[in-house]
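In order, the protein sequence lines correspond to chains A and B.
Numbering follows the working numbering, in which position 23 of the first sequence is assigned residue number 23; successive positions increment by one, without gaps.
Quick note: to get the working numbering, add 1000 to the position in the second sequence (first position is 1).
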Amino acid sequence: MREKIKNFLDTDLLEKYLLGTTSTEETLKVERYITMHPEVRDMYNELQDNLEAYAKLHALKTPEGLKDKILYRIKQEGKVRGKFFKYAIAASIAAFIFAGSSIFFYNQNQRLEDEKTLVTNQIKDLEMDMKVQLEDLRNQYIVLNNPNTKKFPVMGNKKAKELKAVAYVNPVKQLSYINVRNLPQLPEDQCYQMWAEVNGEMVNLGVIKQFDNKEQLLALPYADNAVSYITIEQQGGNNTPTVQNIVANITY
Amino acid sequence: MSTLLEKHIVELLKERDEKAISLLYDNYSDTLYGVAYKVVKDEDLAQDVVQESFVKIWKKADSYDASKAKLFTWLFRITRNTAIDKLRSISTKSDKEIQIDVSDVYNLGVLTTRPEFMDVKEHLDKIEPKYKLVLDALFFEGMTQQEASDELGIPLGTIKSRLKIGLRELRKIYGTAMVLIVLLNLVS
């Protein structure tokens, strides 16, 4: 053990450690020796005292004003630190606001995107509707203005004397329409239904729901020598016409 | 061992109280200035070193461990290393190196005639130059005894014995002061 300590002291590691020039590994070694061996500890303490004493012998009077300079720099150092924290806080607040607004704008963007899709779809639907209606109107116009178009006034039979309708048939364009002008009021549980006999088959044309728009033309399926009927049916319509309830027929 | 004053300063440092720097300056600046001057051999540079060292001391206050080194040893290490770094950064600029040499000569003359250093010089003169040489190599130049032996062309055995005598001479000078410190420590 003595030998080991003597060898250690001979390496000058302790002196290097005193001046702070040892590597990390060396520092750990020296510190281990200092804590474990009192002789080394005493030697180290003596070296420290010697160093201080010897350094004091070399003391020089510091010039006037150096202390103030140093104290000023220390104060600045504190301010820099303070400033740094201020900037750090400002930066984190800015980052927070940025993150917050990003989420907000993202959500808003998402919402607008959804709305846009909705509106686009609505526009498409409207366009489709318009096309269909325009096509309808065009056809009606063609039919009504065509010199070949024949006009058939339709009158109700005795079951519905007030029923008034006009059928337009164009054999050239093979289009036919009916314009229901007036229908007698029916009880709540009954409705008018239209039918057409095409090539011997009875086709359901649907329930006449309302006729508040008296100018509206309803398209009829065209066929040579077709017959259309209007019947009174149970509310909601029927699959087959009730023959005894025919109120009007249109032959064209 | 550490004195009451040292303990007080260390506490202030840990509390980040700027008074610590003021007290450190009052008690150690002359010695640290001397240490810096020993390394850079220029008054202006040494002042810069002292300034930078105090800023480092302030910044590194947390890293000081009283169980591992006396306060002075820690201050000395910082100052000496700052001085060596300063010297290195200066020597890379060759133009300045010449200026330093010039001012060096001038300053040496000034310093030796300043009355306030006479007392210190007197003490230093009590140590024979051959011992001072070895002490300087050890404390300021950070040479190992082997390195000092190689550098100075003196056998290792002679270095060792001169160091021993040098340190004994040194103890004679500050011996009385040391007794006081020991007594103060016993009281506290």
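We put the beta carbon where it would ideally sit given N, CA and C, even for glycine.
- In the DSSP annotation of this structure, the continuous segment of the beta strand (DSSP E) that includes A:Lys150 starts and ends at Lys150 to Met155.
- Looking at the DSSP output, A:Ser228 shares a beta bridge with A:Ala196 and A:Ile250.
- Counting C-beta atoms within 10 angstroms of its own C-beta, A:Asp68 has fewer than 16 neighbours from the protein chains shown and is therefore classed as exposed.
- Scanning its chain for C-beta atoms nearer than 8 Å, with the 5 sequence neighbours on each side dropped, one finds no residue around A:Glu25.
- At the C-beta level, A:Ile70 and B:Tyr1025 come within 8 Å of one another.
- Going by DSSP, B:Arg1077 is part of the alpha helix (DSSP H) stretching over Leu1071 to Ser1091.
- Per DSSP, reduced to three states, the secondary structure at A:Glu52 is helical.
- The beta carbon of B:Met1143 sits closer than 7 Å to those of Ala1137 and Glu1151, all from its chain and outside the five residues before and after it, given in chain order.
- Rounded to whole angstroms, A:Leu14 and A:Ile97 show a C-alpha spacing of 56 Å.
- The criterion of a C-beta distance shorter than 8 Å is satisfied by B:Val1040 and B:Leu1087.
- Straight through space, the alpha carbons of A:Ala94 and B:Lys1007 are spaced by roughly 44 Å.
- Distance from the CA of A:Val227 to the CA of A:Pro171, rounded to the nearest whole angstrom, comes to 14 Å.
- Counting the other CB atoms within 10 Å of its CB gives A:Pro241 a total of 16 or more, which places it among the buried residues.
- B:Glu1018 reaches chain A at Leu71, Ile74, Lys75 and Gly78, counting residues in chain order whose Cβ is nearer than 8 Å.
- At a cut-off of 8 Å between beta carbons, B:Asn1081 contacts chain A.
- Chain A places a beta carbon closer than 8 Å to that of B:Gly1142, counting this residue as a contact.
- Scanning its chain for C-beta atoms nearer than 7 Å, with the 5 sequence neighbours on each side dropped, one finds around B:Asp1048 the residues Lys1086, in chain order.
- With contacts defined as CB atoms closer than 8 Å, A:Arg73 and B:Val1055 qualify as a contacting pair.
- In this structure, DSSP gives B:Gly1034 a helical state, which the three-state scheme calls helix.
- For A:Tyr33, no CB of chain B lies under 8 Å from its own CB, so it is not counted at the interface with that chain.
- Between the segment 1011-1023 of chain B and the segment 43-51 of chain A, the count of C-beta pairs closer than 8 Å stays below three; the two stretches do not touch.
- Along the segment 1009-1041 of chain B, the positions whose C-beta sits under 7 Å from a C-beta of chain A are Glu1018, Ile1021, Ser1022, Tyr1025, Ser1029, Asp1030, Thr1031, Tyr1033, Gly1034, Val1035, Tyr1037 and Lys1038, read in chain order.
- Judged by DSSP in its simplified three-state form, B:Ile1154 adopts coil rather than helix or strand.
- Against B:Lys1056, chain A offers no close residue; the least beta-carbon distance is about 10 Å (beta-carbon pairs closer than 9 Å).
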